[in-house]
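Sequence positions in the sequence shown follow my numbering and run 121 to 794.
Ideal placement from N, C-alpha and C gives every residue a C-beta, glycine not left out.
Note that the structure is predicted; figures quoted are calculated from it, not measured.
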Amino acid sequence: MNNALDAIALSIRSLSMDAIEKANSGHPGLPLGAAELGAPLYAKILKHNPKNPDWKDRDRFVLSAGHGSMLLYSALHISGYDVSIDDIKSFRQLGSKCPGHPEYGDTPGVETTTGPLGQGISTAVGMAIAEKMLAARFNTNEHKIVDHYTYALVGEGCLMEGVSSESSSLAGHLKLGKLIVYYDENKITIDGSTDLTFTENIEERYKAYGWQVLRGSMYSFEDIERLTLEAKKDERPTLIILKSVIGQGAPTVAGKNKAHGAPLGKDGLAEAKKNLGLEGKGDFYVAEEAYAFFKKRNEELAQAEAEWNKTFEAWSKANPEKRKEWDLSFAHGGADEAIVNSVKLPEFKKDEAIATRAASKKALNEFAKALPNLVGGSADLEGPNAVGLEGISAFSPENPLGRYLYFGIREFAMGTITNGIQLHGGFRAFCATFLVFADYLRPALRLAALMKLPSIYVFTHDSIFVGEDGPTHQPIELLASLRAIPNVLVLRPADAEEAGEAWKEALLHKDGPVCLILSRQNLPVLEKSDLFWRESVKNGAYIVKDVEASACGCTLGKPDRTPDVTVLATGSEVSMAVKAASLVKDKKVRVVSVMSKERFETSPKDFKHSVLGGCKKHIRVVTAEAGVAQGWEGWTGCKCDNFSIERFGTSAPGGKVAEHLGFTAENLAKLIEK
């Protein structure tokens, strides 16, 4: 067996060096230094089927140190995934299955997009949570259909990033025993030795988190396999520290920081091939023993999946209700559309005033009753974010059936863990914090957007109307910055009724993350001129308050409702705009609620014209939002028509802050009257 593993490791080195050299770009240090891990991982450790990368009970492997992507691509190719030698040769080229860093959806066998260090291990924590939840729900004494591990490979960079500390701390607390992390301990970073910056005791650090910590050599197959088996015997997550040499096998760079992120160069590559016994074997060499090993091994792996399929069918016959729930849980995006559409949303009286966060909680709980796989939580803000699941217990080591997640004050980890749960499959996941803290988890949101992953991010306390907590807690720039991320759907409901529709739209959305932006302060339930607003809002906007019909000027028998001014407002500013419109006496003012700016902007032209009252070139448009105007300028003929806040707030009751900043209905009315 060791001869086959040696051949696989050698082939990983060969492919990695040549692909990086051909691309004249890449990171050879990790693939060369950790090839001996890649070999047994794919050959012996992982429960997977290269011919079916989507097998639901497969083990997951996350290359948290994503810059070492050629280790992963080489292992995928050699082990029989749909990654050809030509794909390897096109590493880092336009349209390649082998992009510079692993990208979810581009390459069979890649479980998540990695590259921003620390996010991979944190996403793996989410996957391990999902496995534990699913096992508790669906396994029976007679049939175990969920029984897999989540593995990750990290380097010093991942462990320096704060998000790894956040997520590892929570993983230890939750006793995620099916999470196994390999640490490539080469003690080198881009700048040089870790003596420069990173001298803490990793072993003691992870023990303090509640992990089992094991040590061995990267260059001992026996160590790697033995330690992995030992890890599986413990109920705690395990960190396996493997002492390694960056750039192992390449004499010109081995052990040096220059091995990290540049091709070996012609001479360095020649020296490496000579040292490894690859001279004369040609470029992109793969040992026949490696291919032969996986040809046989893949028959065994396919048989393992076939046996699982038999167990799954037997379980299905014995547990038809559980099977039905399973199928619904794995519906695309984790939320069955028919069920989502069947949920009766909470009703509110027109004279009622309620914060959209409070209305959101009512809607969330209705959906949670209908969707048992809707899971999530908040970063120590269950009450303020209003995301508690009534009558539903919290997930814990003792209660893996729980659905509410106490993330603690770990916003970044919360975002990545939510992504990991969503990536794993079987759930629709959400998380929550204050809008002003969205930047703490922004990198996780960005990766969700890159993967088009439908994670749901609930952000409450959405404006200066937070009040007394002051400018540190009053978001000004956040709405614009969230909208700036491609593939992100931002929904800011104007009242309690819209809050329910926002949750429905979030759950139906399948091709990117959703941000629900909710108010702390009470808002009136609005009278709506558009009687079919629930349909209109699917395009992002609808008419809340229309102008009075003219006595003359009818067109084709329809009364003329052409406005002089159309106000596009979002969230709490919609009711402000309605009040402002009532103060304007000499202009016909239409007020539009724009729950989703992105959807409205991409809606059909005819729809936009019908909402605006005509082409925006011929209708004066004013925008109103309690934040910077960035992104709204294209809707107005003059920047002066963007009613916005271009400075930080102050500490005082919300209404007083608004008065201090001049952000009032009266001032909006004056702007409309100009």
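For residue i, three-class secondary structure by DSSP
| i | result |
| --- | --- |
| Glu419 | helix |
| Cys760 | helix |
| Ser713 | strand |
| Arg681 | coil |
| Leu384 | coil |
| Val645 | coil |
| Ala604 | coil |
| Phe413 | helix |
| Cys735 | coil |
| Ala549 | strand |
| Ala392 | helix |
Option in the options with minimal Cα separation from residue i
| i | options | result |
| --- | --- | --- |
| Val777 | Ser134, Phe585, Lys708 and Glu718 | Phe585 |
| Lys482 | Glu510, Ala458 and Lys469 | Glu510 |
| Glu320 | Gly330, Gln332, Ile310 and Glu305 | Glu305 |
| Gly522 | Gly535, His268, Ala488 and Asn539 | Ala488 |
| Ile541 | Ala669, Ile249 and Leu501 | Ile249 |
| Lys264 | Tyr339, His168, Met247 and Trp428 | Trp428 |
| Glu399 | Gly503, His197 and Ser134 | Ser134 |
| Ile165 | Phe652, Gly153, Glu445 and Asn418 | Asn418 |
| Val230 | Ala490, Glu262, Phe181 and Phe527 | Phe181 |
| Thr358 | Tyr269, Ile765 and Val365 | Tyr269 |
| Leu98 | Lys658, Ser601, Leu651 and Leu598 | Shown here, the chain extends from 121 to 794; a query on residue 98 therefore has no answer. |
| Asn539 | Pro574, Gly691 and Gly238 | Pro574 |
| Asp559 | Ser436, Leu525 and Ile596 | Ile596 |
| Ala351 | Arg477, Leu299, Tyr329 and Ala475 | Leu299 |
| Glu693 | Gly220, Thr431, Ser288 and Gln641 | Gln641 |
| Ala255 | Cys278, Asp177 and Ile605 | Asp177 |
| Phe318 | Arg603, Gly282, Trp623 and Arg477 | Gly282 |
| Ala143 | Phe450, Lys386, Ile537 and Thr233 | Lys386 |
| Gly453 | Phe468, Asp471, Ile474 and Val495 | Val495 |
| Lys737 | Leu602, Ser601 and Lys725 | Lys725 |
| Ser194 | Met253, Glu156 and Ser131 | Ser131 |
| Ile739 | Val714, Pro683, Arg356 and Ser480 | Pro683 |
| Gly225 | Lys470, Val266 and Asp174 | Asp174 |
Chain-order list of residues whose beta-carbon lies under 6 Å from that of residue i (same chain, five-residue window excluded)
| i | result |
| --- | --- |
| Lys728 | none |
| His197 | Val203 and Ile208 |
| Ile366 | Gly149, Gly153, Asn306, Ile308 and Ala379 |
| Pro236 | Pro563 |
7 Å CB neighbourhood of residue i in its chain, flanking five on each side removed
| i | result |
| --- | --- |
| Arg530 | Glu286, Leu290 and Ala499 |
| Ser210 | Ser216 and Cys218 |
| Pro160 | Leu125, Phe341, Ile344 and Glu345 |
| Arg325 | none |
| Pro517 | Leu294 and Lys295 |
| Arg566 | Ile605 |
Residue i: first and last residue of the uninterrupted alpha helix (DSSP H) it sits in
| i | result |
| --- | --- |
| Phe487 | Thr476 to Ala490 |
| Tyr560 | Ala558 to Met571 |
| Val731 | Lys725 to Leu732 |
| Phe258 | Gln239 to Phe258 |
| Gly277 | Glu276 to Met280 |
| Glu341 | Looking at the sequence provided, one finds Phe at residue 341 rather than Glu. Note, Phe341: alpha helix (DSSP H), Phe341 to Ala351. |
| Gln542 | Glu531 to His544 |
| Tyr201 | Tyr201 -> no alpha helix (DSSP H), and no H or E assigned at all. |
Rounded distance between the beta-carbons of residue j and residue i, thought under 8 Å
| i | j | result |
| --- | --- | --- |
| Ser695 | Leu638 | Their Cβ separation, rounded to whole angstroms, is 14 Å, which puts Ser695 and Leu638 out of contact at 8 Å. |
| Leu561 | Gly535 | 3 Å |
| Gln368 | Asp354 | Wrong, their Cβ atoms sit about 29 Å apart, outside the cutoff. |
| Gly660 | Arg719 | 3 Å |
| Phe550 | His593 | About 22 Å separates the two Cβ atoms, so there is no contact after all. |
| Ser284 | Ser242 | 6 Å |
| Leu183 | Gly240 | 6 Å |
| Val712 | Val664 | 7 Å |
| Lys572 | Asn607 | 6 Å |
| Pro148 | Ala379 | 6 Å |
| Ala451 | Pro466 | 24 Å between Cβ atoms; not a contact. |
Residues near residue i by beta carbon distance below 8 Å, same chain, minus five either side
| i | result |
| --- | --- |
| Phe404 | Ser134, Leu135, Asp138, Ala139, Ile205, Ile208 and Lys209 |
| Cys804 | In the structure as shown, the chain starts at 121 and stops at 794, and residue 804 therefore has no counterpart that could be examined. |
| Arg654 | Glu621 |
Run of the beta strand (DSSP E) containing residue i, from where it starts to where it stops
| i | result |
| --- | --- |
| Asp666 | Taken as a continuous stretch (DSSP letters only), Asp666 belongs to no beta strand (DSSP E), as it is neither H nor E. |
| Lys363 | Thr358 to Lys363 |
| Tyr302 | Leu299 to Glu305 |
| Ala744 | Arg740 to Ala744 |
| Gly336 | Gln332 to Ser337 |
| Leu183 | Arg180 to Leu183 |
| Tyr224 | No beta strand (DSSP E) holds Tyr224; DSSP gives it neither H nor E. |
| Ile584 | It is not in any beta strand (DSSP E) - Ile584 carries neither H nor E in the DSSP assignment. |
| Ser498 | Leu494 to Ser498 |
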